[in-house]
Amino acid sequence: MGPYRANGSVFLVSYHDKLCILLFVMQTAVVCIGSMTEAVRVDPQEVLRRENYIREYQRPRNLRDPFTWKYPYRTAGVGVLLTLGGAHLHNLWMRKPWHYALYGRIAGVIAAGVVAYGLGTLRERQHRTKEAVTEHYKSLHPDDFTVVDDIYGRAFAAVLLPWYPRRPHYRDNRQ
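Position one of the sequence shown corresponds to residue 2 (the working numbering), numbered consecutively onward.
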């Protein structure tokens, strides 16, 4: 998972949702309609609907789909599954029965779930704090962010600085 920024908001994005972002980008890409400079325009309500779809906690929660769970629960689930898998592989490697050190393993799985839940909560809090700081900075300096409001982007000439090559045959060799 990684952060995703749209309209000044940072979202936690899962790998499943990154596919949705990729489809969104592909649908809003430049399409040849007579000329190469004409871009496909998407209705602003459709853009808002797509952004709300990838926004965290907007999809209805489904127990069978872990991508709809809250982030701390997802990390706890991954921690529990990794610990269970590691314990099972350890039993296989050491040629022990599945019930070997069962109570200790159960305690380890519970501890791993609690630690992973705590780490997920800390990560979510850190993302929310970072978003609050960013929004506060944007409210203090709105002029710095007016150039990035267009979701269709700007021309490269408006973004990139001019580049003047400095090659030896352009210079005076008397230095």
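Cβ coordinates follow ideal geometry from the N, Cα and C atoms, glycine included.
When we look at the beta-carbon of residue i and count the other beta-carbons within 10 Å, is it buried (16 or more) or exposed?
i      : result
Thr147 : exposed
Leu161 : exposed
Tyr165 : exposed
Thr130 : exposed
Ala159 : exposed
Gln101 : The question names Gln, yet the displayed sequence has Tyr at residue 101. With fewer than 16 other Cβ atoms within 10 Å, it is exposed.
Ala108 : exposed
Tyr58  : exposed
Tyr118 : buried
Ala88  : buried
Arg75  : buried
Below 8 Å on the Cβ atoms is my guess for residue i versus residue j; work out the distance and round it to an integer in Å.
i      : j     : result
Leu113 : Val81 : Here the sequence assigns Ala to residue 113, which means Leu is not the residue at that position. Their Cβ separation, rounded to whole angstroms, is 6 Å, which keeps Ala113 and Val81 in contact under 8 Å.
Gly105 : Ala77 : At roughly 20 Å, the Cβ-Cβ gap does not stay under 8 Å, so Gly105 and Ala77 are not in contact.
Arg60  : Thr69 : 5 Å
Arg124 : Tyr72 : 7 Å
Val110 : Thr84 : 5 Å
I'd like the span of the alpha helix (DSSP H) that includes residue i, first residue to last.
i      : result
Gln59  : From DSSP, Gln59 is part of no alpha helix (DSSP H); its letter is neither H nor E.
Val160 : 157–160
Trp94  : 72–95
Arg168 : Segment: none, Arg168 is in no alpha helix (DSSP H) and carries neither H nor E.
Val110 : 103–141
Considering only heavy atoms of the ligand PLP, does any lie closer than 8 Å to the CB of residue i?
i     : result
Glu57 : The ligand content of the structure shown is nil, which means the ligand PLP is not present either.
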